[in-house]
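Numbering (UniProt numbering), first residue to last: 1 to 125.
Notes follow once the structure below has been shown.
What follows is the structure in structure tokens.
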């Protein structure tokens, strides 16, 4: 049951990257994250949904064009922390960013996100 809750929060978080419009990003993040979420990203530590929203919007506005973020592994949740792998691909075989996120849940919402991004490389054809 705990893995199902984590998977649901994670998939809602990822859906913010793929929202049909920037205006939906905050609503999706609010369904997945606590208001005091701590985000450990490539540029350091930040707090709150607004900080995570800015990160998501920056990724959505990739210079190569709007891309797609997908979870590409099962959600592994040995304790209260869950981890999963993801990939972000831009259109027309543009740059591809892959990584692993580790999240902590509190009351069925993500209250901490740690992003481990890998190298940006062209996607395989």
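Each residue gets a CB set at the ideal place from its N, CA and C atoms; glycine is no exception.
In this text, all values refer to a predicted model and were calculated from it rather than measured experimentally.
{"Check": "Cβ-Cβ distance between residue 83 and residue 34 below 9 Å", "Outcome": "no"}
{"Check": "Beta-carbon contacts of residue 136 that lie in its chain and below 8 Å, excluding the five residues immediately before and after", "Outcome": "The structure shown does not extend to residue 136, since the chain spans only 1 to 125, so no value can be given for it."}
{"Check": "Helix, strand or coil at residue 15 according to DSSP, with G and I counted as helix", "Outcome": "helix"}
{"Check": "Residue nearest to residue 18 in terms of C-alpha spacing, selected from 42, 44, 65, 60", "Outcome": "60"}
{"Check": "Buried or exposed (CB count within 10 angstroms, at least 16 for buried), residue 47", "Outcome": "exposed"}
{"Check": "One or two residues paired with residue 46 in a DSSP bridge", "Outcome": "39"}
{"Check": "Contact set for residue 28: own chain, Cβ-Cβ below 8 Å, skip 5 residues either direction", "Outcome": "12, 13, 15, 16, 19"}
{"Check": "Where the alpha helix (DSSP H) containing residue 32 begins and where it ends", "Outcome": "25-32"}
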